[in-house]
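Below: one structure, written as structure tokens.
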Amino acid sequence: MDRQCSERPHSRTPTGRMSSAVSQNSRISLPVSTSTKDSSCMKVPQDSAHRDRCSHPTTIILHKSQSSQATLMPQEHRMFMTEAYSAATCFKMLQDMNSADPFHLKYIIKKIKNMAHGSPKLVMETIHDYFIDNPEISSRHKFRLFQTLETVIRASDILEETWEKTFTRLALENMTKATELEDIYQDAASNVLVAICRHSWRAVAQHLETELLTGVFPHRSLLYVMGILSSSEELFSQEDKACWEEQLIQMAIKSVPFLSTDVWSKELLWTLTTPSWTQQEQSPEKAFLFTYYGLILQAEKNGATVRRHLQALLETSHQWPKQREGMALTLGLAATRHLDDVWAVLDQFGRSRPVRWSLHSSSPKNSEDLHWKWASSTILLAYGQVAAKARAHILPWVDNIVSRMVFYFHYSSWDETLKQSFLTATLMLMGAVSRSEGAHSYEFSQTSELLQCLMVLMEKEPQDTLCTRSRQQAMHIASSLCKLRPPIDLERKSQLLSTCFRSVFALPLLDALEKHTCLFLEPPNIQSLYSRTTEALDLMLQSLIMQNPTAEELHFLLSHLYLWLASEKAQERQRAVHSCMILLKFLNHNGYLDPKENFKRIGQLVGILGMLCQDPDRATQHCSLEGASHLYQLLMRHKIEALQAESQAPKELSQAHSDGAPLWNSRDQKATPLGPQEMAKNHIFQLCGSQVIKEIMQQLTLAELNDVIWTAIDGLGSTNPFRVQAASEMLLTAIQEHGAKLEMVSSMAQAIRLRLCSVRIPQAKEKTLHAITLLARSHTRELVATFLDISIPLDSHTFQLWRALGAEQPTSHLVLTTLLAWLQERPLPTGASDSSPCPKKTYLRSLAAMNMLHELQFAREFKQAVQEAYPKLFLALLTQMHYVLELNLPGEAQPKPQAQEAAVSSPQSCSTSLEALKSLLSTTGHWHDFAHLELQGSWELFTSIHTYPKGVGLLARAMVQNHCKQITAVLRQLLPSLQSPEECERKVAILILTEFLYSPALLEVLPKQAALTVLAQGLRDPSPEVRVLSLQGLSNILFHADKGSLLQGQLRPFLDGFFQSSEQVIVCIMGTVSDTLHRLGAQGAGSQSLSVAISARSFFNDERDGIRAAAMALFGDLVVAMADRELSGLRTQVHQSMVPLLLHLKDQCPAVATQAKFAFYRCAVLLRWRLLHTLFCTLAWERGLSARHFLWTCLATPSATTPRPCCRC
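In numbering that gives the first Met the number 0, the protein residues as written are 0 to 1208.
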């Protein structure tokens, strides 16, 4: 130490001269307090610390000769004093280190470090002097001094060569010194050497090489320094790092002879296998030794020697993770030049008994078993290292390596160790393959098996926790496998996507994931871990689309995302839409898709993103909107590039033939300025979700628009309220913008009907029905046909669709017209006629149309349309009844199933037609006509083909007698029906026409001569019934003016006949008088009407039921015939008949009671009573006391003051 002190540098600067100022005889003294008791955590003997404290004075005295001081200038004197104080302060702090507690020690080191920034030479010289002047200080004190020296050297920008050599010798001398502090003292000295390497690593490396190649196994500290230098990323630049690695290789080459030395080899193996204090973190010296051992074996030329050493290494314990990693590294380095030998060693080791035992045993029984439990993990890591180090020679070995790795994955005991070893090894293998030239043209045969292992691994990951990087590692490997040949088949790719999505998207919320790790000693950063996991998933999707940049591949990837985009869980939707957005952003920014390809089923994506733009989760909304914006830009880019490619095709084709350039290059296209797209970028990201979706829809084809709508329809069936609401809005928007050009409307309508049953949100149902309304503007006939198919039986949801069809007046008219067209098809039931078979579907639609015409009369939306279509509906319903009744005519025997079908459907249809006719009369304001038939009980006439003509005649007669305003419209409608090829239409038309001949309104539509012509043509009709009815019409009083007086002249003899004894004769005569009154038409009975009235009233109380009924019917007919004349005498007769008629409402004979009701009603009409509709309802349906009270009140009260009834109609 004295020699070192004499060799120290002496500077001529004030700093250099400062060292001579330290003395106990100086005039300047700085009192320093005694150090506190040492509280260091290190266990150091107290006597050595006490000896240290006694050997140092408590006062530092600085001296300088008077002559020297006298010669100093004032400025130099101040500099000298400043340096002296700094040196003294530093010296004191170095002294206090021995007794300082850890907190104070940290403060001292920080102060010295700050001082070193300003005066590095002063601090280094002070530390050096302290070592020289105090050789007896304790090991702990030296340990702290070494720590301080290391900090100062690292903080220095420049280290002079003199100090470098001085501190290098100091470190080398103490690195191997044995003290009570053991390894930590040696490591502190070694760290000084490492710090020196920051300034001059070559000199240090030379010293290390000299010590390493002595032939004696190197000291631990030497290996420690080598390990730090090899693992540190901060000490070397990239160029220096390469030089250091090259120097290591040269050292290894020079160390090859040591392998033949038993002592050296055994000590090497002992050092590698000796357990450390902690096996979780490998010491730098052991890590370096594994590397160095591998480099030596790599340099060894004798394969047998390599095998012998590797076999000996593998026969050691495999219990600790770092030990397994080190063994694998050694094997990998050796494989660089001895691949065959390493392969043989691994193969032999895999077949050994301990390894085979470890594959079949899951629970070790003793400590020896623990040594071999994870041997398969070592083998996996070794294969990975072999692939990583062999590099250029690895391609022919890849399939063999993968097959072995797959074997150990499947047959080893499953635990976290095996999983991590497999992933690490596979990552190294994929890295080696990706760096190999020709890998993309090489055919690999084991990629599918390796992918299957990755999927099994991810499926075994706990779904409720995220504690490791296993998922992201597996997906990184999958991304690399996607780039190899042959391409992954669709089934395996589908399994991979499903597994990855389920493994990532189905994870709980981040808060729940963090709760699972709250008890960990070192809990992972869940947010960072999750982010990296999702990044790995996104990179895998990008790798897949890059390998096959087609629209078909994009659809394939997105089809696996759709399930998660429609998830009921918010976090799953959020994660899925984020991945979708990243993929679209990647495609938008990189332009991988070929513009010559057409997008397929992109409409489904548009629909889903549009619905997710209304997600309650704000993050999902934002990602959906951004994804939709990128999709819009992608579509615009695709369209523009397709146009450019089409316009430049001839030119590019010629260039391709001349210089071999590709026909399309995405980078070239990106360099081309895209005007419309650039304009889109300025505004598309500023729009809201619905506006973006509208913009996208403008760019879609018809097929894609259909997909958008189908996606929205599917969303209506969701159990998630927001999704149903969003789906209804999407459906409404799509149809509102593009409903006119849609196809497959029928299928869409059926699907909407199915989903409508499950929609519970009023606003969503309203928007869905509004969409049907808009769709009906351009597709009314298709929708009507579709809804007819689902309207048997009719439910409330289907009826809502019908109401939506007629929500707009023009459409409601068209709906009724279409229904009438279907009604007029009138096919025979299936199999009913061999000569003219018709599809059953048409028959059912005709029946459904009849049913809907009945139901829609009560719908508010169709009220005006029904009113305006009254003539058509009136004739159509009457014709439909005749058609149905004809189906029940007796004829040839039908097979039993067909007979049952006719028996079931026809009466029901007839009843429906009749009810539809009734409702048509009552809902359109023609209740007077309805009342005439209801009070007579004449509706039964429409239930038989034989009485049907009489029923139609009575209905037409009621219209004439009530001066119906629709007579002219009905006439205009029925005239073409007289020429119809269908007999039933001609029959109905002629029946109504013969009655309308008595209406003055006939001549407004059909002049007399024209009417004669029409009837004359009817005489030539093929139908006998039409000919008979035409002939009856020709006999109408309208065409024979003198016939009126002739008929009036016959009334007196008929009245005399009332007093015959035979009831049947009297009833027949009264009927004849009623018929005569009808045939007289507008002329009426004239002066004889009073006689007819008196005669008829006289029989009101006759004992014979038939005569009473006939008399009341005759009186009612007379009242109607003379209603326009209102003779005063007749009015008196009417007043006098009201009480008898009222009493006969309770007549024991039903026929008499019926005629009493009808006559009472007719009289009330003549008398112009108020509330006639209520009166009709009371007469027709009320039976209680309130009804009788109302009727009596009407009789007792003048018509002008008739009270409001208390009964309901």
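Each residue gets a CB set at the ideal place from its N, CA and C atoms; glycine is no exception.
Since this is a predicted model, take the numbers as computed values, not measurements.
Pairwise C-alpha distance: residue j and residue i
| i | j | result |
| --- | --- | --- |
| N113 | T150 | 10 Å |
| C89 | E513 | 48 Å |
| T732 | G602 | 14 Å |
| D833 | Y842 | In this prediction, D833 scores a pLDDT of 44, lower than 50, which makes its location untrustworthy; no coordinate-derived value is stated. |
| A1108 | M880 | 29 Å |
| L753 | P761 | 16 Å |
| E460 | S375 | 20 Å |
| M92 | M78 | 21 Å |
| V432 | R390 | 8 Å |
| S502 | C622 | 21 Å |
| A1010 | R956 | 18 Å |
| L872 | H853 | 10 Å |
| L1001 | A725 | 58 Å |
| H962 | I789 | 40 Å |
| M474 | S578 | 14 Å |
Nonlocal neighbours in the same chain, by C-beta distance under 7 Å from residue i, ignoring five residues either side
| i | result |
| --- | --- |
| M743 | N705 |
| V224 | S189, L192, V193, L207 |
| M454 | Q494, L495, T498 |
| L913 | M880, W938, F941 |
| T785 | S745, A748, Q749 |
Nearest to residue i (by Cα), restricted to the options the options
| i | options | result |
| --- | --- | --- |
| W371 | Y382, L358, L379 | L358 |
| S530 | P548, C517, L465 | L465 |
| E299 | L267, L288, T315, A251 | A251 |
| A86 | Q445, E266, D128 | D128 |
| V1119 | S1097, D1104, G1083 | G1083 |
| I712 | M1069, L730, S1088, Q724 | L730 |
| T533 | L804, I157, F500, E552 | F500 |
| R1169 | S918, G1183, A806, T1192 | T1192 |
| D186 | S479, G226, V1072, G688 | G226 |
Coarse secondary structure for residue i, derived from DSSP in three states
| i | result |
| --- | --- |
| A1199 | Summary for A1199: the model assigns pLDDT 37, below 50, so the residue's position carries little reliability; its value from the coordinates is reported in the next sentence. In this structure, A1199 counts as helix in the three-state DSSP scheme. |
| R484 | strand |
| E135 | coil |
| E1216 | The requested residue 1216 is not part of the displayed model; the chain covers only 0 to 1208. |
| E442 | strand |
| N301 | coil |
| D614 | coil |
| N961 | coil |
| F1189 | helix |
| M1222 | Lying before the first or after the last residue shown, residue 1222 is absent from the chain, which here runs from 0 to 1208. |
| V758 | coil |
| H945 | coil |
| C1162 | helix |
| S530 | helix |
| C466 | coil |
| M96 | coil |
| H925 | coil |
| T1075 | helix |
Test: residue i CB closer than 7 Å to a CB of chain D
| i | result |
| --- | --- |
| Q697 | In the structure shown, chain D cannot be found, because there is only a single protein chain. |
Neighbourhood of residue i by C-beta, 6 Å cutoff - its chain only, sequence neighbours within 5 removed
| i | result |
| --- | --- |
| L144 | none |
| L630 | L583 |
| H554 | K599, R600 |
Cβ shell of residue i (< 8 Å), same chain only, five flanking positions each side left out
| i | result |
| --- | --- |
| R572 | W563, L564, A565, S566, L611, D614, D616, T619 |
| T1153 | L934, Q935, G936, A1108 |
| G437 | L394 |
>> Suppose only complete runs of 4+ residues qualify. What are the alpha helix (DSSP H) ranges in the stretch 1085-1139, listed by chain order?
In response: Restricting attention to alpha helix (DSSP H) runs no shorter than 4 residues, the stretch 1085-1139 encloses them at 1088-1096, 1104-1120, ordered along the chain.
> Which runs of the alpha helix (DSSP H), 4 residues or longer, sit entirely within the stretch 358-431?
Replying inline: Here the runs fully enclosed are 366-372, 374-389, 397-410.
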